[in-house]
Structure formats: C-alpha cells, structure tokens
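To keep things clear, I will list the structure first and then write my remarks on it.
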Amino acid sequence: MKRFRRTIATLAAILTLAVPIVPAASAAQDPAPAQPAPPLSPSPSPSQSAHSLTATDVDTWLDGLMPYGLQSGAIAGAVVVVVKDGKVLTKRGFGYADVEKGIRVDPDRTLFRVGSTSKLFTWTAVMQLVQAGKIDLDADVNRYLDFKIPPAFGKPITMRNLMTHTAGFEETLKHLIGVDPDKLRTLHESVTDWVPERIYAPGAEPAYSNYGAMLAGYIVQRVSGEKFNDYVTRHIFAPLGMPNATFAQPLPDRFKPFVSNGYETADGAAQPFELIDPAPAGALSITGGDIARFMIAHLNGGPPLLDPRTATMMHSRVNQPVPGLPGMALGFYQEDGNGLNIIGHGGDTVLFHSDLHLYLDKGVGLFMSFNSRGKNDAAYPLRAKLFEEFTDRYFPAARPDLPTASTARAHGKAMAGTYLSSRRAVSSWARLFYLPSQTSVSRNPDDTITVSTMTNAAGVPIRWREVGPWQWQEVGGEGRLAAVVRDGKVVSFANAEVAPIMVYMPAPFALDGAWIIPALVAALLVLLLTVIAWPTVALVRRHYGRRGPLSGRALRLHLATRATAALYVVIAGMWFTFIALLSASLLYLDGRLDLWMRIAQILSLVAIAGTVLVCWNMWVALRDGRGWFAKLWSIAIALACLFMTWFVIAQNLIPSSLNY
C-alpha cells in the first residue's frame, strides 16, 4: 500500500492538511447514524505474511526507519505512539526537543503542536453535547450563536455540515497563525470579526474549513457555558487523565519547560512558539503519552468520553463526496489503506507536522508528530512512509490487478483540462494565491492520465490508468482516483487521500490559469518594455539634441499612458512581493501587510482610471500621422492595460475589506 504525499497549494495544505459515479449526497439528507464504514475496496488477499504487532517488532521497525529519516531529512525530533487493544503498545521519542540544549524528545514529557489533529478534540466535545441533547446535528447553527451567519442558497448550515466540511465556506487565511501574543484574538472575536463568504450550498461540496471548526468550538463554548479551553480540559483531558495537554495560548508557565521547540530544519535556529488564532481548529499542545489515551478511548467505543452509540455515530461515514473513494465521518476522515476501516486526521502548523490513524476493526491506533518541516519538506514523505509501512507490515494486502477499461481513451479526453480546488478563497484578493497552483489533467499517448499536482516522492507526475468507469489506479502503485460525472460531463474529481475534504472542479474560463497566466505575462512584458523605453528614448533624444514629435494633448496622453504602464508594473511588483512573503512565512498573515495592501489597492484604482486615458491615447494615435509601429504599440499598451484592469477586478484586488 502506497500513499503519496498531498500536493495541494502550500497554504491550503497547512491546516490541514478519495462504483458507478453519481452526484455526491448531502450529509444533511441522512440524519440517522450510519453504519460503520465498510472496506473501501474489494477484500484483498495477503501479499506477504503479516508481522506480529508486538512492542518488540514495532520498536525494531522504528529503530530502522526513524533515526535515518530524521537525519537525512534534517528533522530535529519526533514522537511515535502505537496503541493496541486498549493499551499503549509502544511510545517512542526520537531526536531532540531542544537541539541547542541537547534535550531529547520524551514521549511522556515533551509537548508537540499537533495542528489540525486538534480538531478531533473539538469534534469529540461537540459529540458529547450531542449525546447530552444540547446540540442537534441537523439544526441551524444560528440557534446556538449570539450572532448570525448570513443566509445563502436558501439552506441553513448545520453542525453536521461543519463536521463534514460541507458548510460551503470559502478558505480563510488572515490571522491563521502568528507569534505575537498581543495580536491573538479571543474566540468570540475570531468568529465574529469576519464571516467568510459561503461559496457552495450546505452539503453540496467538500471544502475543508478552519473557520467551520472554529465556529463549532465557539458553539461548544456557548452551549456549555464554559470557555472552550476549560470545557476540553474538564470534559476530555480530566476524564482520561491527560495532564500534559492544553489548548491554552500563550502556553501556561507550567508547560513551557516541556514544549518542543519548532524548527524549519534541525540545523537551523529554534523558531518562536506558534499561536493559532482559530484555536479549536489547531491550537492543541500535547504529549505522545496523553494522545495515546485519547486514541484508546475512541478505539474502545467511546467511554469515558462518549457512549458506544454516539461513538459509533461519530466514526461512521456520513457522506462520500466522490463515490468509490474514502468519505467523511463526523470529524474524522476515512483513509485508504489495504481495504481496512481506518479513520484519522492530520495536522500541520508551519513547523510541526502530525498525523493520527485509528484502525477501527483492529483496535489499533498510530500517532506521529515531527517538530520540523525538514530539508525539502522531508517531514511530509516521512510521515506518509510511517503510515504506509506500518499498514503494510502489520496488515498486508494486495489488490486485484484490474485490466485497463475500454473507456480509457474517451474518459481521458473528458478529464483533460484545468481544475480548481474546492477549498479556495473567492471573495478576497487571496484568490490570487490559487491561480498559479491550479491543477491540470492531461491524457497521455498510452491513454493514462497525469495530474500536475500529484507526484511521487521523486517529484515525477504519477500516471493513472482507468480500471473502471471513471475510476483510475496509480500505475506502479496503489493510489486511487475517481471522478463525479453528471450528464456526461466531469464535475469534480479527487484522489483517495483528499476526497473526504476537497475535490477538484473544472475551472471556468474567467478563472482558468492556463490562459490567464500567459496573458498576464504578455501584458506585463508590454508594460515593462514601455516603462523601460520611456527614459531610454528620452535620454537618446537628449543626447542627440532632438525633441519629441508630440505636443499638446497628444503629449499629455502619451505621458499619461507611460505613467499608467509604470503604475501597473509597480502594482504587479507589490502583489508578487506580498505573495512571496506570505509563501515564505505564514507569519505575514497577522495583518502586518495591511497598510501596503491598501496602498496597492489605491494605486490600482488610479491605474484603472488611467486606463481610460490609455485608450484615448490609442484613439488619437490611430488618427494622427504617427508611424505604423507607434500605432501598433499604442494598441498593445491599451490591450495590456485593459487586461490588467480586468485582472485586478477579476482577482478581487480592490475589495473594500482587508479580510481574506
């Protein structure tokens, strides 16, 4: 079993994190508890004898994998925990929690920041209140709030939608992560300062949402009458005997000596403690020993956190965005692994990278966390390798070698095109982030397809072979991909790894980077050449003592055209700089760029006004006695400025709000 690493855009991957094809069902259409999810593929036959799942064997395997993985990947430290049959089988610390001081990782004492794996605690808190009759999974969440989620699509958002990431919220980025405690907002401020736009009807499409998880945490706070942190401490940590776990930020003094430092790479400096603004979505600090207790509680059917009926409801699949691929339970997502019934959740901050897997039918849990991103993002493939090898070593299986479907060529042609992730920003300038990271699908001469954002560990695009109607198998591997088709047209697709929480949707023409990016480059090239030529020509004329041929209105329009071109070049440079800074460090999401973004927006308005003068200049140039090159270039500049005007508006670069 091979699980390739997630290859979505950088920001979309951070907090975080796929029969016959029919439209995905709304989660809200089936309020009754579902049956536990069945295996996601035909019952496999063993491909090798399984190793005995004992502490000795797991430790031997880890000793052969982890030290080399950390060293080669420049990862400072990690923790790995395995539980089985209600007990901790092994818990191991590797490497260093503090490189400079030489403090090694201790699975019982070292706290790791587990990112979005924190959501499982938030969802468990929600289910406790469902069990108590205080939250209805299918009621309008506005019932529990002291502010209103604006209406959209004629359907209310339910807690079931929040737990399955089908509320329809656009992606939010601002204030996601920071290091300054003075900028950390209260939970009430975080959910009310800005309600992101709803871009899908509730239940219609999966779109992973940190805001949705944060909103659920706020509902826990409202319904219980306790602060979210206090509720989780009293009703989850305390019953399980978890003294080394907290959602509190900044970290309370008693935890500070034990929290692991976070590193970009092991040979770099320790970075400041990361503050997660949507705390219920990703703020948990916890030891491996304590999270073992949480896994055991869920594997044992819920007690003392949940009763068995509620736990079964939580662990059961309630929607399947791409039929034939893994779906969503209530808060947990299903995972593709040797036909087993596995649920789990990953988590990433900038520095820490974690994953939790529950093998429900085996009574086994696996947790891992790394305190460094590592060289060339080494934490991601190592994290995937741990899950893959653990599953193959202790629960080996082989899938049938299916023949290539006769529809491979036709369906490959139908799949070809450019796609957008369902998890994206729409109403703000942040939609610009997703333009260069769009996914393209192409059909190969052998009728396989390749997906630009899905590569193997070597960075080589994976080839996919159709083995069933609209279902593809990884060539030389076991990854799976499928499409949702309506009226003969592909409306979405996903690979098994991301299918529960997001899909890829055909890009409409106005958002298709396949033509927009080349057009943007061409427009900026014309404008840049114009800007460069402006002083160059002036200097040449001055050198030879010649005056320009234009005067009066024609000269003024000529100068306005050059100024507008220069303004668009400056604006493009500013936005490219913003994106480069935010891509380099999410800490810039704390609002420190707001003033500069506002300046860029004001300059954009001036440039749009200047475009009117550019078009007027073209009209004058075409009607007077200028040479053919001057006429053609006036047309080129006008087209470039018109495109830039459209681009600025289409990418929402001048909204009144600085929320994104």
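Numbering (mature numbering (1 follows the signal peptide of the UniProt record, and there is no 0)), first residue to last: -27 to -1, 1 to 633. Backbone N, C-alpha and C fix where the C-beta goes; we use that ideal spot for every residue, glycine too.
Residue i to residue j, Cα distance in whole Å?
| i | j | result |
| --- | --- | --- |
| G68 | T377 | 46 Å |
| N134 | H531 | 56 Å |
| C614 | A495 | 11 Å |
| A47 | N344 | 11 Å |
| D334 | V55 | 15 Å |
| R520 | G600 | 16 Å |
| G297 | N632 | 37 Å |
| L355 | G88 | 17 Å |
| P473 | Q293 | 7 Å |
| R195 | H138 | 21 Å |
| P169 | R227 | 36 Å |
| R459 | D58 | 44 Å |
| A527 | M591 | 10 Å |
| Y117 | P369 | 46 Å |
| P212 | Y236 | 33 Å |
| P245 | A254 | 20 Å |
| S197 | K107 | 8 Å |
| F406 | P628 | 16 Å |
Buried or exposed, going by whether 16 or more other CB atoms sit within 10 Å of the CB of residue i?
| i | result |
| --- | --- |
| S327 | buried |
| R346 | buried |
| W569 | exposed |
| D71 | buried |
| P44 | The amino acid at residue 44 is misidentified as Pro; the sequence shows Gln. Burial call: exposed. |
| H161 | exposed |
| L339 | buried |
| E73 | exposed |
| V513 | exposed |
| D567 | exposed |
| K92 | buried |
| V52 | buried |
| T509 | exposed |
| F482 | exposed |
| T550 | exposed |
Out of the options, which has the shortest C-alpha to C-alpha gap to residue i?
| i | options | result |
| --- | --- | --- |
| A112 | A270, V585, T131 and M100 | T131 |
| G432 | V424, G42 and T391 | V424 |
| L408 | L493, N429, A51 and R535 | L493 |
| I76 | G50, T421, S289 and Y306 | G50 |
| R397 | I122, S91, T145 and V31 | T145 |
| G176 | L149, M136, R515 and E170 | M136 |
| V593 | V621, G583 and K604 | K604 |
| A98 | A189, H24 and S577 | A189 |
| N209 | P277, S182 and V168 | At residue 209 the sequence reads Ile, which differs from the Asn that was named. Here the closest residue by C-alpha is P277. |
| Y332 | H318, L324 and T322 | H318 |
| G127 | D155, A174, I108 and T285 | A174 |
| P123 | T90, A140 and L110 | A140 |
Assuming contact is defined by CB atoms lying nearer than 8 Å, are residue i and residue j in contact in what I supplied?
| i | j | result |
| --- | --- | --- |
| M100 | T283 | yes |
| A180 | S395 | yes |
| V587 | A623 | no |
| P251 | M187 | yes |
| F142 | S342 | no |
| L248 | V152 | yes |
| R372 | W34 | no |
| G96 | L303 | The amino acid at residue 96 is misidentified as Gly; the sequence shows Trp. A contact, by the Cβ cut-off of 8 Å. |
| T83 | A28 | no |
| I259 | A218 | yes |
| Q574 | L540 | no |
| G157 | Q104 | According to the sequence as given, residue 157 is Leu; it is not Gly. No; because the gap between Cβ atoms is not below 8 Å, this pair is not in contact. |
| T90 | L313 | no |
| V621 | S577 | yes |
With a cut-off of 8 Å, does the C-beta of residue i fall near any C-beta of chain D?
| i | result |
| --- | --- |
| A51 | Annotation note: the requested chain D is absent from the structure, which comprises a single protein chain. |
Report the three-state DSSP secondary structure of residue i (helix, strand or coil).
| i | result |
| --- | --- |
| K156 | helix |
| Q444 | strand |
| M341 | strand |
| K60 | strand |
| F201 | helix |
| Y517 | helix |
| M286 | helix |
| A582 | helix |
| M416 | A quick correction: the sequence has Arg, not Met, at residue 416. Note: R416 maps to strand in three-state DSSP. |
| L38 | helix |
| D350 | helix |
| R565 | coil |
| V399 | coil |
| D485 | coil |
| Q411 | coil |
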